[in-house]
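Line by line, the protein sequences are chains Z and V. For the first sequence, the numbering used here assigns the number 1 to the initial residue and increments by one for each residue that follows. For the second sequence, the numbering used here assigns the number 1 to the initial residue and increments by one for each residue that follows. Built from N, CA and C at the ideal position, the CB exists for glycine as well. Have a look at the structure below, then the notes.
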Amino acid sequence: DAGVIQSPRHEVTEMGQEVTLRCKPISGHDYLFWYRQTMMRGLELLIYFNNNVPIDDSGMPEDRFSAKMPNASFSTLKIQPSEPRDSAVYFCASSLPGQGDGYTFGSGTRLTVV
Amino acid sequence: TQLLEQSPQFLSIQEGENLTVYCNSSSVFSSLQWYRQEPGEGPVLLVTVVTGGEVKKLKRLTFQFGDARKDSSLHITAAQPGDTGLYLCAGGKAGTASKLTFGTGTRLQVTL
Numbered sequence: 001d002a003g004v005i006q007s008p009r010h011e012v013t014e015m016g017q018e019v020t021l022r023c024k025p026i027s028g029h030d031y032l033f034w035y036r037q038t039m040m041r042g043l044e045l046l047i048y049f050n051n052n053v054p055i056d057d058s059g060m061p062e063d064r065f066s067a068k069m070p071n072a073s074f075s076t077l078k079i080q081p082s083e084p085r086d087s088a089v090y091f092c093a094s095s096l097p098g099q100g101d102g103y104t105f106g107s108g109t110r111l112t113v114v
Numbered sequence: 001t002q003l004l005e006q007s008p009q010f011l012s013i014q015e016g017e018n019l020t021v022y023c024n025s026s027s028v029f030s031s032l033q034w035y036r037q038e039p040g041e042g043p044v045l046l047v048t049v050v051t052g053g054e055v056k057k058l059k060r061l062t063f064q065f066g067d068a069r070k071d072s073s074l075h076i077t078a079a080q081p082g083d084t085g086l087y088l089c090a091g092g093k094a095g096t097a098s099k100l101t102f103g104t105g106t107r108l109q110v111t112l
C-alpha cells in the first residue's frame with residue numbers, strides 16, 4: 001500500500017480564494033482524520049470520519065471550513081474564503097478501529113495564504 | 001485546552017548523550033502512543049502502551065506508561081543524529097473509538 005496520499009504538497013493562494021485539499025486513505029481503514037499543525041498550536045484535530053460519515057467536527061474553526069468524504073477512498077477539506085491565518089500544514093490520517101494500531105499520516109499539505 | 005503536556009519543549013544534545021521526554025496529563029487514558037515527526041513529513045507511530053506500568057523497548061528507545069495511566073516517558077540512550085525530530089505523545093480514551101489527543105510536542109536536535 002502506498003500509504004495515505006495527500007495533494008497538493010504545497011499550496012500558495014491569495015486571501016479570499018477557495019482552497020481544496022485532498023486525501024486518499026489507506027484501503028480498509030475505517031477512520032479518516034484531518035489535522036492542522038502550526039508552531040503556536042501544535043497538532044489540532046479538525047474533523048474525523050468513520051465509514052465516510054462525519055463523527056466530530058467540533059474542531060473546525062468556522063464556517064469557512066468544510067470537509068467531505070464521498071467514498072471510502074477519498075476526502076476533501078475545503079476553505080472558502082481563505083485567510084492568512086489559515087496558513088499551516090494540514091495532515092490527513094487514517095486508522096483501523098480501536099486505538100492500538102495508531103494513525104498513519106500523510107505527508108501533509110503546506111498551505112500559505114498571502 | 002491541551003490535555004497532554006510534554007516537557008521539555010525543546011532539547012538540543014550531543015551525540016551519545018541520554019535523554020528523557022515526559023508526557024503528562026490530569027486525565028486517565030486507556031492507551032498512550034508515541035510518534036516521531038521529521039521535517040516535511042507526517043508523524044510516524046513508534047509504540048503503543050496500554051497497561052499501567054508497562055515498559056516497551058525499541059532498540060535504544062524505552063517507553064513507559066505510568067501506573068495510573070496519566071503519564072508516560074520516552075528515554076533515549078546514546079542519542080544519534082538520526083533521532084532528531086519532533087516527538088509527540090497521543091492518548092486515547094475508552095469509548096472514543098480511534099480518536100486520539102496529541103501532546104504539545106518535544107523538538108529534539110542531536111548534533112555531532
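Residue 85 of chain Z carries a helical assignment under DSSP once its states are collapsed to helix, strand and coil. Taking 7 Å as the CB threshold, residue 87 of chain Z stays off the interface with chain V. Not a single C-beta of chain V is nearer than 7 Å to the C-beta of residue 49 of chain Z. Taking the C-beta atoms as reference points, residue 110 of chain V is found no nearer than 7 Å to residue 77 of chain V. Within chain Z, no C-beta atom comes less than 7 Å from the C-beta of residue 84 of chain V; the nearest is roughly 17 Å away.
Of the residues Z/96, Z/104 and Z/83, the one whose Cα lies closest to the Cα of residue 112 of chain Z is Z/83. When C-beta atoms of the segment 33 to 40 of chain Z are compared with those of the segment 93 to 104 of chain Z, three or more pairs fall below 8 Å, so the two segments count as touching. A direct Cα-to-Cα measurement between residue 53 of chain Z and residue 60 of chain Z gives close to 15 Å.
In the structure shown, residue 83 of chain V falls within a helical segment according to DSSP collapsed to helix, strand and coil.
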